[in-house]
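So the sequences go chain by chain: A and B.
Numbering of the first sequence is given in numbering that gives the first Met the number 0, commencing with residue 0 and proceeding in unit increments.
Numbering of the second sequence is given in numbering that gives the first Met the number 0, commencing with residue 0 and proceeding in unit increments.
Glycine residues also receive a C-beta, built at the ideal position from the N, C-alpha and C atoms.
Note that the structure is predicted; figures quoted are calculated from it, not measured.
These notes are about the structure you will find just below.
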Amino acid sequence: MRDNGSTSTRTRTVALVGNPNSGKTTVFNALTGLRQKVANYPGVTVERHEGTIRLPDGADCLILDLPGTYSLRASSPDEAIAVDVMLGRAAHTPPPDLIVCVVDAGNLERNLYIVSQIIDRRLPVVLELNMMDVARGHGLAVNVHRLEKELGVPVIPMVATTGAGIEDLRRTVATTPPPSSRGREWKLPEPVHREAEELTGMLLESGKYPEASAFSEAIDLLTSHPSALEQTDRFDRAILEHVRLDHQKLDFLGFDRESVAASARYAWLRQVVARSTDRVGYPGISGSDRLDRILTHRVWGLVIFLLLMALMFQSVFSWATAPMELIGEGFDALGRGVSGLIPPGPLHDLIIDGAIAGVAAVVTFLPQILFLFFFLTLLEDTGYMARAAYVMDRFMGRVGLPGKAFIPLLSSFACAIPGIMAARTIEKERDRIATMLIAPLMSCSARLPVYTLLIAAFIPATTVLGILSLPALTMFGLYLLGVLVAMGIAWVLKRSVLRSVQTELLLELPPYKLPSLKSVLLTMWERAVVFLKQAGTIILGASIIMWFLASYPKLEHGSPSEQIEYSFAGRAGKLIEPVIEPLGFNWKIGIGLISSLFQREVFVSTMGTIYNIQDTGGDGSVSLASRMREDIDPATGERTFTVPIALAVLVYYVLAMQCLSTVAVMRRETNGWKWPTLQFATMTGLAYAAAFIVYRLGTALGGT
Amino acid sequence: MRLADAPLGISVRVSRLRSRPEISVRLREMGFCEDAVVRCVMKSHGNIICEILNARIAMNRRLAGDILVSPSE
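Here is the structure:
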């Protein structure tokens, strides 16, 4: 509720920028707390994290947490967004009134690289100096006042753990007018400088480039590789011709053209850092060093990684059970409560069987998703995730994917949607697309209810080899199947349509640190909000439509199962029966397939509706299981499900895409229908073929 | 000498990058400028972890082979 509706005060925009791992998000969380939201930048799926704070003068201030970047030359879509917003080139965001550059004091020189680029362009910037304690660990004490003098911009020291310095930052944000930086102070070698000045003149004459940034543009042009000139469309032909001549001249003079600016900049920064830091000790072997010796070890690294993954899955699949049952019971109670309020009739059925039951079936997964993100955030915040990517690079490399691809794939075990979105950290488009294409093959948590139901119904709870339970083994096998098929597809893709130069691994390993409970909780909160919003809109709508299709047109007299057969859904099931008959599926399974086309877990609620029982969480699914086991088609006298059929259904669900949201995300992410269409067709085709083989083989081996 | 062959724990100086242009730009921004001092701290299966400007950078064998270094006195 905005009590101050004054429109005269324009909202101030403040952009948080910095190197990856500089602690930017901690600063953002400390500034905005729960007043933040996640959206997408228009046209791309880079997440936009923003929060609004109220300034003392009553005006609102929009804080943007931009993706981390090492420099103003972007090399991934995320970085491109950060750079465009910073430079005021983005249509969706006004040029920021202030740039807050979060700087890791423990790695001052490298972190100041982008700061110096911002200063070059005379943008209003302040430094938020983070991790002073890490710097001390390296034996360095930063003198804030000297650093301020050297750089000519305000520096605010901060201790992330205590929140000290945040108030200072708030005050700075509230100051008008924001301080403007004083411009470039590092020196290029004389001949290069001369050419840069001349080129700056040409750029300014063309009138297309702001004065403050023309020199930076000129340096970028002079130091770029000839191939980069051919790809750019931001400059006129005459200018590019001139740049080519400059290249020849400087090459002839013996300059290492491409590194000359970076070297000169670093030479200056080395002086800045030397003048503004004092050595207070000497670094010994750090804890990070010792940990890395184990965690990135060729053998132990892998063992520990696998143990951590096992722990994560244990938590997602077992520890989440209790809260899931609780949520299920809560919805049951809600259903019963509402049931008493509304007289029996279509409205009653719509709300109880359609809306509440449908939403309950999905919201039940909230604990699993929260557990997963709890672990992922923990791994990320402690600094372990980068090590895991390093350890996995060897294996991902076998199928032609970069080590970074492992993170999106891992997330896809919870849900392919965050997984696919996590793929945007992969720089190369072909690698990114390959990763996104195989991500939905990781068994997501939405498949879990389908697996659970069918395994409980058809896989005997016996023990194999003394210790392993057959149902658990089956479950593991389904997960493994998805992974293996995904790897196979990646292997094929990377050798055909998505062939590219073998990706280099280049990854910063941030120092290990204790995760902040606040940031972990905030991430979980964010994910919960996104998930529940979806449940409240798309899934609610889909549930109501499904309920309608399974309930209408009404049959005057007849059993519930005859009613289902007579309904739109039943007719659709009958319609596709000839297609799925080779897989051993009858029309009832057909309804399940159709209804879950948009959302896999709907298969379970559809079976529940068809078998006319209220699916009541834990013990409810057991009785549904027995109903399914005993169901006989009165027309043919055959059982709807046999063990081979159940296995075929399971395999089908492992491989088929069956998720509207994934299709939508793929379309948005790849900017077109080509990849999602290909993906949907391939996955459905594979699922069909595999289910066919399993059913035929199972039946031939005498399975019933 | 290639960074991939640099002995563990010994500081060496970057003398030349022969990686692809896009990667070279990124390497320079991360501090792998000509003349920068870098120290290899771990090796496994040819992949390396090295330290430069107080940061730890992991890279694979190919990339570490594209960074030429010379002994730093």
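Run through DSSP, which three-state label would residue i get?
{"i": "residue 612 of chain A", "result": "Low per-residue confidence applies at residue 612 of chain A: pLDDT is 42, beneath 50, and the placement is therefore not dependable, though the value from the model is reported in the following sentence. Correct three-state label for residue 612 of chain A: coil."}
{"i": "residue 445 of chain A", "result": "coil"}
{"i": "residue 576 of chain A", "result": "helix"}
{"i": "residue 12 of chain A", "result": "strand"}
{"i": "residue 35 of chain A", "result": "strand"}
{"i": "residue 621 of chain A", "result": "The predicted position of residue 621 of chain A is uncertain, since its pLDDT is 47 and thus under 50; a value taken from the coordinates is nonetheless stated next. Here residue 621 of chain A sits in helix by DSSP."}
{"i": "residue 503 of chain A", "result": "coil"}
{"i": "residue 25 of chain B", "result": "helix"}
{"i": "residue 84 of chain A", "result": "helix"}
{"i": "residue 396 of chain A", "result": "helix"}
{"i": "residue 101 of chain A", "result": "strand"}
{"i": "residue 367 of chain A", "result": "helix"}
{"i": "residue 129 of chain A", "result": "strand"}
{"i": "residue 68 of chain B", "result": "strand"}
{"i": "residue 513 of chain A", "result": "coil"}
Kindly list, in the order they appear in chain B, the residues whose Cβ is closer than 7 angstroms to that of residue i.
{"i": "residue 70 of chain A", "result": "28"}
{"i": "residue 651 of chain A", "result": "Under the 7 angstroms cutoff, chain B gives no residues; its nearest Cβ is about 38 angstroms from residue 651 of chain A."}
Take residue i as the anchor and find which of the options has the nearest alpha-carbon.
{"i": "residue 590 of chain A", "options": "A:600, A:582, A:575", "result": "A:575"}
{"i": "residue 658 of chain A", "options": "A:675, A:648, A:644", "result": "A:675"}
{"i": "residue 363 of chain A", "options": "A:521, A:144, A:323", "result": "A:323"}
{"i": "residue 218 of chain A", "options": "A:207, A:344, A:202", "result": "A:202"}
{"i": "residue 667 of chain A", "options": "A:46, A:306, A:10, A:413", "result": "A:46"}
{"i": "residue 91 of chain B", "options": "B:50, B:15, B:27, B:14", "result": "Because residue 91 of chain B is not part of the residues shown, which for chain B are 0 to 72, the question remains open."}
{"i": "residue 694 of chain A", "options": "A:665, A:679, A:650", "result": "A:650"}
{"i": "residue 261 of chain A", "options": "B:9, B:37, B:28", "result": "B:28"}
{"i": "residue 150 of chain A", "options": "A:274, A:168, A:579", "result": "A:274"}
{"i": "residue 271 of chain A", "options": "A:235, A:144, A:237", "result": "A:144"}
{"i": "residue 57 of chain B", "options": "A:505, A:76, A:249, A:132", "result": "A:505"}
{"i": "residue 29 of chain A", "options": "A:593, A:192, A:52, A:594", "result": "A:52"}
{"i": "residue 19 of chain B", "options": "A:118, A:227, A:216, A:10", "result": "A:227"}
{"i": "residue 170 of chain A", "options": "A:696, A:60, A:579", "result": "A:60"}
{"i": "residue 414 of chain A", "options": "A:701, A:435, A:265, A:401", "result": "A:435"}
{"i": "residue 507 of chain A", "options": "B:16, B:70, B:31", "result": "B:31"}
{"i": "residue 173 of chain A", "options": "A:378, A:604, A:289, A:96", "result": "A:96"}
{"i": "residue 700 of chain A", "options": "A:660, A:652, A:642", "result": "A:642"}
Identify the contact partners of residue i in chain B, using a Cβ-Cβ distance below 8 angstroms as the criterion.
{"i": "residue 265 of chain A", "result": "30, 32, 35"}
{"i": "residue 389 of chain A", "result": "46, 48, 57"}
{"i": "residue 246 of chain A", "result": "Simply none; closest approach about 13 angstroms."}
{"i": "residue 291 of chain A", "result": "40, 41, 48, 55"}
Taking only the alpha-carbon atoms, compute the straight-line gap between residue i and residue j and give it to the nearest angstrom.
{"i": "residue 190 of chain A", "j": "residue 263 of chain A", "result": "13 angstroms"}
{"i": "residue 408 of chain A", "j": "residue 438 of chain A", "result": "5 angstroms"}
{"i": "residue 429 of chain A", "j": "residue 687 of chain A", "result": "27 angstroms"}
{"i": "residue 433 of chain A", "j": "residue 3 of chain B", "result": "29 angstroms"}
{"i": "residue 32 of chain A", "j": "residue 521 of chain A", "result": "8 angstroms"}
{"i": "residue 615 of chain A", "j": "residue 626 of chain A", "result": "Residue placement at residue 615 of chain A is flagged as unreliable, the pLDDT there being 38, under the threshold of 50; a coordinate-derived value is accordingly withheld."}
{"i": "residue 12 of chain B", "j": "residue 58 of chain A", "result": "52 angstroms"}
{"i": "residue 213 of chain A", "j": "residue 206 of chain A", "result": "10 angstroms"}
{"i": "residue 499 of chain A", "j": "residue 76 of chain A", "result": "18 angstroms"}
{"i": "residue 349 of chain A", "j": "residue 547 of chain A", "result": "8 angstroms"}
{"i": "residue 714 of chain A", "j": "residue 545 of chain A", "result": "Past the boundaries of the shown model lies residue 714 of chain A; chain A is included only from 0 to 703, so the question cannot be answered."}
{"i": "residue 403 of chain A", "j": "residue 422 of chain A", "result": "8 angstroms"}
{"i": "residue 553 of chain A", "j": "residue 331 of chain A", "result": "26 angstroms"}
{"i": "residue 67 of chain A", "j": "residue 37 of chain A", "result": "16 angstroms"}
What residues of chain B sit near residue i, judged by a beta carbon separation below 9 angstroms?
{"i": "residue 392 of chain A", "result": "46, 57, 59"}
{"i": "residue 728 of chain A", "result": "Summary: the structure shown does not reach residue 728 of chain A, with chain A confined to residues 0 through 703, and so no result is reported for it."}
Name, please, each residue of chain A whose Cβ falls closer than 8 angstroms to the Cβ of residue i.
{"i": "residue 69 of chain B", "result": "Those do not exist, as residue 69 of chain B stays about 15 angstroms from chain A at its closest Cβ, beyond 8 angstroms."}
{"i": "residue 0 of chain B", "result": "By Cβ distance, chain A contributes nothing, its closest Cβ being about 19 angstroms from residue 0 of chain B, past 8 angstroms."}
{"i": "residue 3 of chain B", "result": "Per Cβ cutoff of 8 angstroms: no residues; residue 3 of chain B is ~12 angstroms from chain A at best."}
{"i": "residue 43 of chain B", "result": "295, 296, 297, 300"}
Residues of chain A with CB closer than 9 angstroms to the CB of residue i, please, in chain order.
{"i": "residue 20 of chain B", "result": "223, 224, 225, 226, 227, 257"}
{"i": "residue 62 of chain B", "result": "503, 504, 505"}
Comparing the CB of residue i with every heavy atom of the ligand SAH, is any distance shorter than 6 angstroms?
{"i": "residue 442 of chain A", "result": "The ligand SAH is not part of this structure, which contains no ligands at all."}
Residues of chain A with a CB under 7 angstroms from the CB of residue i: which are they?
{"i": "residue 24 of chain B", "result": "72"}
{"i": "residue 52 of chain B", "result": "106, 108, 109"}
Is it a yes or a no for the region 94–108 of chain A touching the region 197–210 of chain A, going by three-plus beta-carbon pairs under 8 angstroms? no
Report yes or no: do the region 597–608 of chain A and the region 438–454 of chain A share at least 3 C-beta pairs separated by less than 8 angstroms? yes
Would you call the region 74–91 of chain A in contact with the region 155–164 of chain A, where contact means no fewer than 3 C-beta pairs closer than 8 angstroms? no
Counting beta carbon pairs with one atom in the region 343–361 of chain A and one in the region 371–382 of chain A, are three or more of them shorter than 8 angstroms? no
Decide yes or no for the touch test of the region 517–531 of chain A against the region 386–398 of chain A: beta carbon pairs closer than 8 angstroms, at least 3 of them. no
Does the structure place the region 478–497 of chain A close enough to the region 456–465 of chain A that three or more beta carbon pairs sit under 8 angstroms? no
Please confirm if the region 13–27 of chain A is in contact with the region 119–133 of chain A, defined as three or more CB-CB distances below 8 angstroms between the two stretches. yes
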